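Using the numbering used here, the first residue of the sequence shown is number -19, and each one after it goes up by one.
Structure record follows, encoded as structure tokens.
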Amino acid sequence: MNREYHKWLSPHLKRNMELLVFGHAGTPVLFFPTRTARFYDYENWKVIDAIADKINKGWLQVYCVDSIDLESFYCSCSHPSQRIVRHIQYEKYIVNEVLPLIKHKNSNNYIISTGCSLGAYHAVNISFRQPQLFGKVVGMSGRYDLTLHANNFSDLFDGYQDENVYFNMPSQFIPNLTDQNIIRDLKKLQIVLAVGKEDPFLPNNQYLHNALLKKGIANTLHIWEGEAHRPRFWQQMVQYFL
């Protein structure tokens, strides 16, 4: 399997950022890491191995990006308003630095955005905010409103709300979405949500699924057996959805 390591100083984040590329051709897959995880974790957790056949055949080319969650959502020393600003800078890094790298290496304009746990949030949020950039999004075990409490998962903004928070929480802004241009682009996007039957994020997935349907935006919600919030389940999900 072709494997590439890339590292550069990001002008948007003012820090070095790393990523791994797996594969030589095929549909590009932008793969966001789980909560506070790193760009190499999906490889270590055998999630990449689970789709190795598709990668080796040139069907998929996977870009595993790094996270800055410890500088944004999980930076308790920063005011919540600064946490979301740092996240927006991360989105700019993805759109203005990572996507151009993908387009430079791969001529296929149909890009899949995906991730597990908090990575699912990243994948869904960026594709819902800028649906014209993606052909498909797959969210696995995600929470799409980070202000919600769910079992041991707390509100990452400590009760704080502002416009930046609102417009980066899909299950907050989708129900009130009226921009017909964005709705039109979302209707072109293939949207897949997958979550465990016992996952604390199941109600939020069901809410987002139904909110999209009410806007006429097709999407599929797949409910896995058990909690399914672990790498061994994500190994199965990527085989099925990517």
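Even glycine gets a Cβ: it sits at the ideal position worked out from N, Cα and C.
All of these numbers come straight from a predicted model, not from anything done at the bench.
query	result
Does the stretch 115 to 129 come close enough to the stretch 31 to 48 that 3 or more CB-CB pairs lie under 8 Å?	no
Which of the three DSSP states is assigned to Arg164 in this structure?	helix
Just the C-alpha distance for Ile203 and Glu77, rounded to the nearest angstrom, thanks.	34 Å
Is it right to say Ser127 is buried, meaning 16 or more other beta carbons lie within 10 angstroms of its own, or is it exposed?	Checking the sequence shown, residue 127 turns out to be Thr, not Ser. It counts as buried.
Go through its chain and collect everything with a Cβ distance to His67's Cβ below 7 Å, but skip five positions before and after it.	Ser52, Phe53, Asn148
Between Val27 and chain D, is any beta-carbon pair separated by less than 7 Å?	In the structure shown, chain D does not exist; there is a single protein chain.
Report buried or exposed for Tyr206, applying the criterion of at least 16 other Cβ atoms within 10 angstroms of its Cβ.	Note that residue 206 is Gly in the sequence shown here, rather than Tyr. Its Cβ having fewer than 16 others within 10 Å, Gly206 is exposed.
Should Ser134 go down as buried or exposed, given a rule of 16 or more other Cβ atoms within 10 Å for buried?	exposed
Can you find the residues in the same chain that come closer than 6 Å, C-beta to C-beta, to Val1, ignoring five residues on each side of it along the sequence?	Glu(-16), Tyr43
Write down the C-beta distance between Val117 and Leu169 rounded to the nearest angstrom, noting that I regard them as a contact closer than 8 Å.	6 Å
Closer than 8 Å by C-beta to Asp138: which residues in its own chain qualify, once you throw out the five before and the five after it? Chain order, please.	Pro60
Taking Lys83 as the reference, which of Leu(-11), Leu113, Asn(-4) has the closest Cα?	Leu113
List in chain order: all unbroken beta strand (DSSP E) runs of 3+ residues lying wholly within the stretch 106 to 188.	116 to 120, 170 to 176
Can you tell me which of Asn161, Gly6, Asn190 puts its alpha carbon nearest to the alpha carbon of Leu173?	Asn190
Leaving out five residues on either side along the sequence, give the residues of the same chain with a beta carbon under 8 Å from the beta carbon of Arg109.	Glu71, Phe147, Asn148
Run the CB neighbour count on Thr7, radius 10 Å, all protein chains shown included, and call it buried at 16 or more, exposed below.	buried
Using CA atoms only, rank isn't needed, just tell me which of Ile92, Ile163, Lys34, Gly99 is closest to Tyr22.	Gly99
For Ala130, which option in Phe181, Gln186, Gln41 has the closest C-alpha, if you only look at C-alpha atoms?	Phe181
I want to check one thing, is the minimum distance from the CB of Pro60 to the heavy atoms of the ligand ATP below 6 Å?	Summarising the ligand content, the structure contains no ligands, and the ligand ATP is consequently not present.
Could you give the distance in angstroms between the alpha-carbon of Pro155 and the alpha-carbon of Gly196?	11 Å
CA-CA distance, Asn(-4) and Thr200?	37 Å
So, are the CB atoms of Val104 and Pro150 less than 7 Å apart?	yes
Let me know if Pro(-9) comes out buried or exposed under the rule of 16 or more other beta-carbons within 10 Å of its beta-carbon.	exposed
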